[in-house]
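For the sequence shown, my numbering begins at 8 and goes up steadily by one. Cβ atoms here follow ideal geometry from the backbone N, Cα and C, with glycine treated the same way. The structure displayed is predicted, hence computed values, not measured ones.
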Amino acid sequence: MFCISPLHLNVTLQGAGESGKSTIVKQMKIIHEDGYTQEECSQYRVVVYSNTIQSIIAIIRAMGRLGIDFGETARSDDARQLFALASSAEEGVMTPELAGVIKRLWQDAGVQICFGRSREYQLNDSASYYLNDLDRISQQNYVPTQQDVLRTRVKTTGIVETHFTFKDLYFKMFDVGGQRSERKKWIHCFEGVTAIIFCVALSDYDLVLAEDEEMNRMHESMKLFDSICNNKWFTDTSVILFLNKKDLFEDKIQKSPLTICYPEYSGPNEYKEASTYIQCQFEDLNKRKETKEIYTHFTCATDTKNVQFVFDAVTDVIIKTNLKEVGLY
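See below:
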């Protein structure tokens, strides 16, 4: 059993790559640490531009692979221009010329068809968020908003630690890289951990891994959850399951059947039934159901109110579990 001071809680965020762990950490800063200053937001400008350009480039490259033509032939010149001008954005500058090129490309019918087939290649979740808002983010005096910061994607390498106080408790939260190459570093977070928040991207059910295109992302998440939930290190550790990106899942399930991931699924492709089915798939992996409970929440990590509500409930569970362990509940 881990020996933890009742006032100090160590929480580890785990899950496969791009499941929303780093977004949860950013939300803790917004909710419990007065958010991002104007100066800190400004520093994310280069990341916003980088994510925007990576997204449009990923779509253009996928068009070639998928055999999709531009709606208008003039867009071929814009695509060439895009590659020539892209480097300026890496310095945090979006020139009017570059913004115009991206805007014309994004509005092209062929580009939109390719965007609609994004499950067939790797594309950031935030692609449409930034590309639909080009007029705003390309302004000369642009400073990213808190929501813009939440949507940024930077691959986590190593372990990122954040501290905050909530309900008279001192939290240490560890965000660990989710890609396979990063997982060997997790062992350093295990000692003294009070709770694990395991993040799953619900919308990953029809996608493959960036690092292994033969492996379905949801299957990889299940494999990882199995190894953590049933690990001897975590016998006395609260396991909280965040079924994240519920907003993207609700939209996607109407177009892409759940049978892509679970061929045996016979229910309707509706949010409630399909999300409950995924929840059961994960909870059924728990081999110690009599003694260990999995606390599941459906989340949208980019929605501050949702995360605030869920984390409040999670904290109550952690407190209750720790009081039980010392015989006070």
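- Secondary structure at Cys121: helix, using DSSP grouped into helix, strand and coil.
- From the listed residues Leu216, Glu280, Tyr278, Lys294, the smallest Cα separation to Lys239 is found for Lys294.
- Inclusion of Leu92 and Val108 in the CB contact set at 9 Å is warranted, their separation being smaller than that value.
- By the CB criterion at 9 Å, Ala86 and Cys121 fall outside the cutoff.
- Within the same chain, Arg126, Ser263, Ile267 come within 6 Å of Asp213 by CB-CB distance, once the 5 residues on both sides are set aside.
- Ranking Thr164, Asp132, Ile166, Thr163 by CA distance to the CA of Asp155 puts Asp132 first.
- Considered as a whole, the stretch 259-324 harbours 278-290 as its complete alpha helix (DSSP H) runs of no fewer than 4 residues, in chain order.
- Take the alpha-carbon of Asp182 and the one of Thr80: they are about 45 Å apart.
- Residue pairing by DSSP places Thr172 opposite Tyr177 in a beta bridge.
- Under the DSSP assignment, Ile31 falls in the alpha helix (DSSP H) whose first and last residues are 28-39.
- Looking at the DSSP output, Val18 shares a beta bridge with Met180, Ala202.
- Annotation for Arg52: Gly99, Tyr149, Val150, Pro151 place their beta carbon closer than 8 Å to its own, counting only its chain and skipping 5 residues before and after.
- Three or more beta-carbon pairs drawn from the stretch 22-32 and the stretch 235-251 are found closer than 8 Å, and the two stretches are therefore classed as touching.
- Contact between the stretch 54-67 and the stretch 132-141 is present: three or more C-beta pairs spanning the two stretches fall below 8 Å.
- For Ile247, the uninterrupted beta strand (DSSP E) segment begins and ends at 245-251.
- Here Val108 carries a helix assignment [DSSP, helix/strand/coil].
- Checking the DSSP bridge columns, you'll see Ala208 partnered with Asn251.
- With a 10 Å radius around the Cβ and a threshold of 16 neighbouring Cβ atoms, Gln147 comes out exposed.
- Asn223 carries a strand assignment under DSSP once its states are collapsed to helix, strand and coil.
- Note that the C-beta distance between Thr244 and Val314 is not below 9 Å.
- With a threshold of 16 other beta carbon atoms within 10 Å, Gln119 falls short and is exposed.
- Scanning Phe316, Gly24, Lys179 for the CA closest to the CA of Val161 turns up Gly24.
- Across the structure, Arg143 and Gln114 are spaced so that their CA atoms are roughly 16 Å apart.
- Using a C-beta cut-off of 8 Å, the stretch 163-172 makes contact with the stretch 29-43, since at least three inter-stretch Cβ pairs fall below that distance.
- Restricting attention to Cys287, Asp258, Glu257, the CA atom closest to the CA of Tyr269 is found in Cys287.
- For Ser62, the enclosing alpha helix (DSSP H) has its first and last residue at 52-73.
- Using a Cβ distance threshold of 9 Å, Leu176 and Thr322 count as a contacting pair.
- Partner residues in a beta bridge of Val156, as assigned by DSSP, do not exist.
- For the pair Thr159 and Asp310, the Cα-to-Cα distance works out to about 14 Å.
- The C-beta distance from Leu292 to Asp233 rounds to 5 Å, short enough to meet the 8 Å contact threshold.
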